[in-house]
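When the count follows our numbering, it moves up by one through the sequence shown with no breaks and lands on 559 for the last residue. Think of the CB as a built atom: it goes at the ideal place given N, C-alpha and C, for glycine as much as any other residue.
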Amino acid sequence: MSRFSQYSPLVWRLMVFAFIIGLTSSLPDILFNFYLLSLGFDNSVAGELASIVRLAGFALAIPLGIAVDRFGGIRTVQVAAVINIAVWFAILNVTDLALLRGFYFFSGVFFTAQSVAVLPSLIRVTTPEQRPFLFGLNFSIFMGTGVFTALIGGMLPGLIAQFKGIDAMSTEAYRVALHGVIILTAIGLVSLLGLHRRIMSATTNHSEVATHSEGVRIPLATMIYRVLGRLSLGFAAGMFVPFINIFLRQTYAIPDSQIGATLAVFSLTSALGGMFCGVIMVRMGIRRAILATTLVCASLIMGILLPSALWFVVVYALLAFVVSMVYPLGDVLLMDSVAPVQRGLASSMAMMMWSLGFALAAMLSGRLQVASGFTWPILLCAVGFVVTGVLYWVVRFPRYGVINPTG
């Protein structure tokens, strides 16, 4: 009771928004690849489009970060939400690959904006002592929504097919289901009304334990150096995450509804993992915890090479649990190592590097799958995790008494 009562109501409004955005982001993850396959495209196209939407994060992260620092995170996300609604209307009404590439790129504006803007907004209404738990909670809520979306999203095409008298794996069934992205984006937009003004007027004079003052900026090269771990983490994710649903269908012939249930299990373990990042930080220190968790992730991803559907579900659920500690730990480390006036830019740089790694990996993975299946993508995913752990261990961040007690 005491832990939750200490937080501002604005914190909980941001958490509600995280829940809505989690739903919005996870629905395409479940259904869009199947929509592309129903249009006659193959895995390489799915990989290409997964790359394109993350390339938007690479291309737009810095401009969006500057917009967050200048206009505020909430206003930036509101504009991006309006763009996302228009773009998804277009995506679901064209079949030409060139047009799909262009529109899907711009759908990345909203994905990037909310990723860049939420943490700087959260920092404005929290103290340094509160952030490890809240960053983990924010990540857990975002990932935990995938439980609902996976269960409902996996069943949506079938329900729509029964209602309309069409095939559950038809283009029309997937297209109607994906209109949920538009509806959820609109709900998220409504949830932000009035929030910018309240955040900006809230008391934000929390004591900063960072070695940098409010107005002291670190060099851009230093900031890039500190986010190199996000590049390799994005590479690890891009090698396999966009293709989990295709892997389950093509390797084990699992129907869509069961794939949705399986992805729900992974989302649930991801949500639980994020909640533990504060505990592991206290016991091991942030950098040591990141090294340990990424090495465990590398071991687990190798385990899915064994040909068993049940084994895959168990191992990947553990992987989702462990990797969900890495993201909020890295966020805490980065956000408290830069001046408050640069936090929007720092968040955007992290997003940019992650998006670049994800995009390159997804494009490469799609081609490797067409040529030789999933073995090489899985091996390269493990390499990405190892490199991530090493980078976070080698790169030095400023020390903070409460936030980073043991380094």
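Residue-chain proximity (residue i, chain C), Cβ-Cβ < 8 Å
i	result
residue 297	Absence of chain C from the displayed structure is noted, only one protein chain being present.
For residue i, the three-state DSSP class (helix, strand or coil)
i	result
residue 159	coil
residue 348	helix
residue 185	helix
residue 264	helix
residue 462	helix
residue 191	coil
residue 561	Given a span of 153 to 559 for the chain in the structure shown, any question on residue 561 remains unanswerable.
residue 537	helix
residue 170	helix
residue 219	helix
residue 489	coil
residue 318	coil
residue 550	coil
residue 297	helix
residue 365	With a pLDDT of only 42 at residue 365, under the threshold of 50, the placement of this residue in the model should not be trusted, and no figure is reported.
residue 393	helix
residue 431	helix
residue 176	helix
residue 527	helix
residue 279	coil
residue 247	coil
Same chain, Cβ closer than 6 Å to residue i, neighbours up to 5 away in sequence not counted
i	result
residue 240	333 and 334
residue 511	203, 206 and 207
residue 394	202 and 514
residue 299	416, 419 and 420
residue 210	504, 507 and 508
residue 536	384, 387 and 388
residue 164	none
residue 519	196
Extent of the continuous alpha helix (DSSP H) to which residue i belongs
i	result
residue 524	495–524
residue 402	396–404
residue 421	408–427
residue 225	225–243
residue 327	323–330
residue 376	372–378
residue 441	438–455
Contact under 8 Å by Cβ, residue i with residue j
i	j	result
residue 382	residue 547	no
residue 305	residue 183	yes
residue 176	residue 336	yes
residue 170	residue 294	yes
residue 290	residue 375	no
residue 480	residue 263	no
residue 247	residue 188	no
residue 162	residue 351	yes
residue 466	residue 442	no
residue 534	residue 433	no
residue 527	residue 471	no
residue 329	residue 318	no
residue 271	residue 408	no
residue 285	residue 430	yes
Residue i Cβ short of 7 Å to the ligand PLP heavy atom set
i	result
residue 208	For the structure depicted, the ligand PLP is absent and the ligand set is empty, with no information on it obtainable.
Close-in-space but distant-in-sequence residues of the same chain around residue i (CB under 7 Å, 5 per side omitted)
i	result
residue 398	185, 195 and 198
residue 172	336, 339, 340 and 343
residue 230	341 and 344
residue 256	201, 204, 205 and 243
residue 369	491, 493 and 494
residue 265	216, 228, 229 and 232
residue 331	244
residue 545	439 and 443
residue 464	456
Own chain residues within Cβ distance below 8 Å of residue i, not counting five before or after
i	result
residue 292	422, 423, 424, 425, 426, 427 and 476
residue 268	213, 216, 217, 220, 225, 228, 496, 499, 500 and 503
residue 474	425, 445, 448, 449 and 452
residue 524	none
residue 356	Low confidence applies to residue 356: its pLDDT is 45, below 50, so where it sits in the model is not reliable enough to give any reading.
residue 253	200, 201 and 204
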